[in-house]
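J.: After the structure tokens below, expect a handful of questions from me.
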Amino acid sequence: MDGITNANVLIVGLGGVGSHAAHMLARSGVKYLRLVDFDMVTLSSLNRHAVATLSDVGHSKANVLCRHLRQICPDANMLMLDPIVRMYTGNDDEDGDMLVPPSSSSGGKGGKWDVVIDAIDDVPTKASLIAHFARSNVRVLSCMGAGGKADPTRVHISDLRSASRDPLAAAVRQRLRLLGKMEARGAGVRITNGSGISNGGWLGCIDDDARLSVVYSSEKVVAGLAGITEEQREGGMRNFGAVDGMRVRVLPVLGTMPAIMGQALAALALCELGGKPFTPVGAERVGRNVRHRLYQHLKVRERRLEDRLRPTTTSSSSDPAIDDGNRTTENGTYVGPIMIDPDDVEYLMVELWKNQCALSGERLGTALELYRWDMSKPATPNNLVLMSAKSAKKFEEDYERLGDGRYGIDDAVRRRVEARLKMCVLGAEDVY
Numbered sequence: 091m092d093g094i095t096n097a098n099v100l101i102v103g104l105g106g107v108g109s110h111a112a113h114m115l116a117r118s119g120v121k122y123l124r125l126v127d128f129d130m131v132t133l134s135s136l137n138r139h140a141v142a143t144l145s146d147v148g149h150s151k152a153n154v155l156c157r158h159l160r161q162i163c164p165d166a167n168m169l170m171l172d173p174i175v176r177m178y179t180g181n182d183d184e185d186g187d188m189l190v191p192p193s194s195s196s197g198g199k200g201g202k203w204d205v206v207i208d209a210i211d212d213v214p215t216k217a218s219l220i221a222h223f224a225r226s227n228v229r230v231l232s233c234m235g236a237g238g239k240a241d242p243t244r245v246h247i248s249d250l251r252s253a254s255r256d257p258l259a260a261a262v263r264q265r266l267r268l269l270g271k272m273e274a275r276g277a278g279v280r281i282t283n284g285s286g287i288s289n290g291g292w293l294g295c296i297d298d299d300a301r302l303s304v305v306y307s308s309e310k311v312v313a314g315l316a317g318i319t320e321e322q323r324e325g326g327m328r329n330f331g332a333v334d335g336m337r338v339r340v341l342p343v344l345g346t347m348p349a350i351m352g353q354a355l356a357a358l359a360l361c362e363l364g365g366k367p368f369t370p371v372g373a374e375r376v377g378r379n380v381r382h383r384l385y386q387h388l389k390v391r392e393r394r395l396e397d398r399l400r401p402t403t404t405s406s407s408s409d410p411a412i413d414d415g416n417r418t419t420e421n422g423t424y425v426g427p428i429m430i431d432p433d434d435v436e437y438l439m440v441e442l443w444k445n446q447c448a449l450s451g452e453r454l455g456t457a458l459e460l461y462r463w464d465m466s467k468p469a470t471p472n473n474l475v476l477m478s479a480k481s482a483k484k485f486e487e488d489y490e491r492l493g494d495g496r497y498g499i500d501d502a503v504r505r506r507v508e509a510r511l512k513m514c515v516l517g518a519e520d521v522y
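So for the sequence shown, our numbering puts the first residue at 91; every next one is plus one.
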């Protein structure tokens, strides 16, 4: 619990999504919450806001949320609330110290944000917020579009590039790429693969769910813009808008969807803060034929390796009369049976490697294969890496040339792969 009760969390956007995330973080014991939103509670927001009531209409969302959360935890030393009733603009001069972590003197533990939750629904400012924290390697959890959707079984957590059938996610990706390319051009840096991974740029957060995770719905939007009713006209349209002078939002929102997404953000944040992160299941599923193909390819490749190295292999058993099938060669390469089954292939592809090459980031649709990462160890789930054909070819060439395919891999990529392997929940003992 120490990781939760000592956490500094920033939430930008306190509507249907952000208010539910803040609500659960406060109830769960997070110590310091900075709550940012310029907006006021409106009549139209009452169907999805976590705590607002009719009497709160016309008051700032940040202050309303703080007032209700304080009723949950009256002790200001246990729950420190820092409401900011200003619009985040993405302009450092205008935003001032809005995004600056709290100092020890202000009550927070000082130094850094543990998690930033983005619940903004405006593309330019949403992209600016993500870019700001991606540059400084601060963990960001972001929510994509909830409007016009209804199916809770289509809600997923993934990296930004994997967010499919979500117009907001597509627009944010495009905006981030534009920002990244503009910065790279100004710095004279060439982004070689369009994502920033190859040159270590912050734009790599699009593909890296360890830096940026998004909650989104893969459901196709089920409704268009709603019309304005006569009752709304008679009651005064300003009561249904964000603030005076701004466009009235008329995209239908089923109140349960932003609530579910906000709860998902809170769950992800709490598990990470508590040191018990989970691995979200991706939206893309792997067919039985694909699983079978990868499994058979791995078996054939390992069998060929054994045939080639058999003259130099020795049994791992100390008794020469016992052949347990597990052997190592003179150069330290393990030779023996693979220790996974076809069901493990889906776990490795979908949950551990997110249907993309661990080295290059290429996604499902490219010919992907499973390869042993450490050739001195058996083919267990926590020693198998998903690679594209191109990456696998280089990995094999480096193994033959250098004695270890890992030696030819960039240090940052290698660390990322090994960190992901440590997250694998399956080992040989789970298979046999």
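Beta carbons: idealized from backbone N, C-alpha and C, even for Gly.
Can you give me the start and stop residues for the beta strand (DSSP E) that Cys-233 sits inside?
T.: Within the sequence shown, the letter at position 143 stands for residue 233. Start and end: 230-233.
J.: Among the residues of its own chain, which have a CB less than 7 Å from the CB of Thr-95, if the five just before and after it don't count?
T.: To locate residue 95, count along the sequence shown from 1; it is residue 5. Here the set comprises Gly-119 and Lys-121.
J.: May I ask which residues mark the beginning and end of the beta strand (DSSP E) holding Ala-164?
T.: Taking the first residue of the sequence shown as 1, we reach residue 164 at position 74. The residue you asked about is not Ala; residue 164 is Pro in the sequence shown. Unbroken run through Pro-164: none, as it is neither H nor E.
J.: Between which two residues does the beta strand (DSSP E) harbouring Asp-208 extend?
T.: One-based indexing of the sequence shown puts residue 208 at position 118. Where Asp-208 is concerned, the enclosing beta strand (DSSP E) stretches over 205-208.
J.: May I ask you to report which of helix, strand or coil DSSP gives Asn-96?
T.: Here residue 96 refers to the residue found at position 6 of the sequence shown. Here Asn-96 sits in coil by DSSP.
J.: Alpha carbon to alpha carbon, what distance is there between Glu-452 and Lys-151?
T.: Position 61 of the sequence shown holds residue 151. Position 362 of the sequence shown holds residue 452. Approximately 41 Å, taken between the alpha carbons.
J.: Which one or two residues does DSSP pair with Ser-478 in a beta bridge?
T.: The residue given as residue 478 occupies position 388 in the sequence shown. Ser-478 is bridged to Leu-458.
J.: Report the residue ranges of all alpha helix (DSSP H) runs contained in full by the region 121-180; include only those spanning at least 4 residues, in chain order.
T.: Runs found: 151-162.
J.: Which residues mark the beginning and the end of the beta strand (DSSP E) in which Ile-247 is found?
T.: In the sequence shown, residue 247 corresponds to position 157, counting from 1. Looking at the DSSP string, the run of the beta strand (DSSP E) that includes Ile-247 is 245-248.
J.: Between Leu-476 and Leu-458, is the Cβ-Cβ spacing less than 9 Å?
T.: Position 386 of the sequence shown, counted from the first residue, corresponds to residue 476. Position 368 of the sequence shown, counted from the first residue, corresponds to residue 458. Yes, they are a contact pair.
J.: Measuring CB atoms only, is the region 352-363 touching the region 436-447, in the sense that at least three cross pairs come out at less than 8 Å?
T.: Taking 8 Å as the limit for Cβ pairs, the verdict is that the region 436-447 does not touch the region 352-363.
J.: Report, in whole angstroms, the separation of the C-beta atoms of Leu-125 and Asp-172, which I expect to be a contact under 8 Å.
T.: As a position in the sequence shown, residue 125 is number 35, starting the count at 1. As a position in the sequence shown, residue 172 is number 82, starting the count at 1. Yes, Leu-125 and Asp-172 are in contact; Cβ-Cβ is about 7 Å, under 8 Å.
J.: Rounded to whole angstroms, what is the Cα-Cα separation between Gly-426 and Gly-495?
T.: Within the sequence shown, residue 426 is the residue found at index 336, counting from 1. Within the sequence shown, residue 495 is the residue found at index 405, counting from 1. So the two alpha carbons sit approximately 19 Å from each other.
J.: Which residues mark the beginning and the end of the beta strand (DSSP E) in which Ser-218 is found?
T.: The count along the sequence shown starts at 1 and reaches residue 218 at position 128. From DSSP, Ser-218 is part of no beta strand (DSSP E) but of the alpha helix (DSSP H) over 213-225.
J.: Relative to the C-alpha of Gly-106, which residue among Met-234, Phe-223 and Pro-348 is closest?
T.: Translated into the one-based positions of the sequence shown, residue 106 becomes position 16. Measuring from the Cα of Gly-106, the nearest candidate turns out to be Pro-348.
J.: How is the beta strand (DSSP E) around Tyr-385 delimited, first residue to last?
T.: Here residue 385 corresponds to residue number 295 of the sequence shown, with the count starting at 1. Segment 378-399 is the alpha helix (DSSP H) holding Tyr-385; no beta strand (DSSP E) there.
J.: Does the Cβ-Cβ distance between Met-188 and Ile-174 come in under 9 Å?
T.: For the purposes of this step, residue 188 is identified with residue 98 of the sequence shown, where counting begins at 1. For the purposes of this step, residue 174 is identified with residue 84 of the sequence shown, where counting begins at 1. Closer than 9 Å, so yes.
J.: By alpha-carbon positions, which one of Leu-363, Leu-438 and Leu-258 ends up nearest to Thr-470?
T.: Along the sequence shown, one-based indexing puts residue 470 at 380. It is Leu-438 whose Cα lies nearest to the Cα of Thr-470.
J.: Where does the unbroken beta strand (DSSP E) through Val-304 begin, and where does it stop?
T.: Working through the sequence shown from its first residue, we reach residue 304 at position 214. Note, Val-304: beta strand (DSSP E), 302-307.
J.: Rounding to the nearest angstrom, what Cα-Cα distance links Leu-363 and Asp-204 in this structure?
T.: If you number the sequence shown from 1, residue 363 lands on position 273. If you number the sequence shown from 1, residue 204 lands on position 114. Straight-line Cα distance between these residues: approximately 8 Å.
J.: Look at Ile-247 and Asp-299 and say whether their C-beta atoms are less than 9 Å apart.
T.: As a first step, residue 247 must be located in the sequence shown, where it is residue number 157. As a first step, residue 299 must be located in the sequence shown, where it is residue number 209. Contact: yes.
J.: Residues in the same chain with beta-carbon distance under 7 Å from Gly-93, minus the five sequence neighbours each way, listed in chain order, please.
T.: Your numbering for residue 93 matches position 3 in the sequence shown. The residues are Leu-363, Gly-364 and Gly-365.
J.: If you pair each beta-carbon of the region 293-308 with each one of the region 219-233, do three or more pairs fall below 8 Å?
T.: The region 293-308, when compared against the region 219-233, does touch it at the 8 Å Cβ threshold.
J.: Use the C-beta contact count for Arg-393: other C-beta atoms within 10 angstroms, 16 or more gives buried, fewer gives exposed.
T.: If you number the sequence shown from 1, residue 393 lands on position 303. Exposed, because fewer than 16 other Cβ atoms sit within 10 Å of the Cβ of Arg-393.
J.: Indicate whether Ser-218 and Arg-255 have their beta-carbon atoms separated by less than 9 Å.
T.: Your numbering for residue 218 matches position 128 in the sequence shown. Your numbering for residue 255 matches position 165 in the sequence shown. Against a cut-off of 9 Å, the Cβ pair of Arg-255 and Ser-218 comes out as no contact.
J.: Taking the alpha-carbon positions, what's the Gln-264 to Pro-342 distance?
T.: Indexing the sequence shown from 1 puts residue 264 at position 174. Indexing the sequence shown from 1 puts residue 342 at position 252. Straight-line Cα distance between these residues: approximately 25 Å.
J.: From this set, Ile-220, Asn-98, His-158 and Val-245, which residue's C-alpha is nearest Ser-193's C-alpha?
T.: As a first step, residue 193 is located in the sequence shown; it is residue number 103 there, counting from the start. Of Ile-220, Asn-98, His-158 and Val-245, the residue nearest in Cα terms is Asn-98.
J.: Residue range of the alpha helix (DSSP H) that Ala-236 falls in?
T.: Counting from one through the sequence shown, the residue named residue 236 turns up at place 146. No alpha helix (DSSP H) holds Ala-236; DSSP gives it neither H nor E.
J.: I'd like to check one pair, Ala-116 with Leu-169: are the Cβ atoms closer than 9 Å?
T.: Taking the sequence shown and counting its residues from 1, the one referred to as residue 169 is at position 79. Taking the sequence shown and counting its residues from 1, the one referred to as residue 116 is at position 26. Yes.
J.: By a C-beta neighbour count over all protein chains shown, 10 Å radius and 16 as the cutoff for buried, is Gln-446 buried or exposed?
T.: Here residue 446 refers to the residue found at position 356 of the sequence shown. That one is buried.
J.: Taking buried to mean at least 16 other C-beta atoms within 10 Å of its own C-beta, is Tyr-178 buried or exposed?
T.: Within the sequence shown, the letter at position 88 stands for residue 178. Looking at its Cβ environment, which holds 16 or more other Cβ atoms inside 10 Å, Tyr-178 is buried.
J.: Can you check which of these residues, Arg-251, Tyr-306 and Val-380, is closest to Asp-211 by C-alpha distance?
T.: For the purposes of this step, residue 211 is identified with residue 121 of the sequence shown, where counting begins at 1. Cα-wise, what sits closest to Asp-211 is Tyr-306.
J.: Between Leu-136 and Ala-240, what straight-line distance do the alpha-carbon atoms span, to the nearest angstrom?
T.: Position 46 of the sequence shown, counting from 1, holds the residue named residue 136. Position 150 of the sequence shown, counting from 1, holds the residue named residue 240. Rounded to whole angstroms, Leu-136 to Ala-240 spans 18 Å at the Cα level.
J.: Let me know the secondary structure DSSP gives Ile-296 once reduced to three states.
T.: Counted from its first residue, the sequence shown places residue 296 at position 206. Ile-296: helix per DSSP, three-state reduction.
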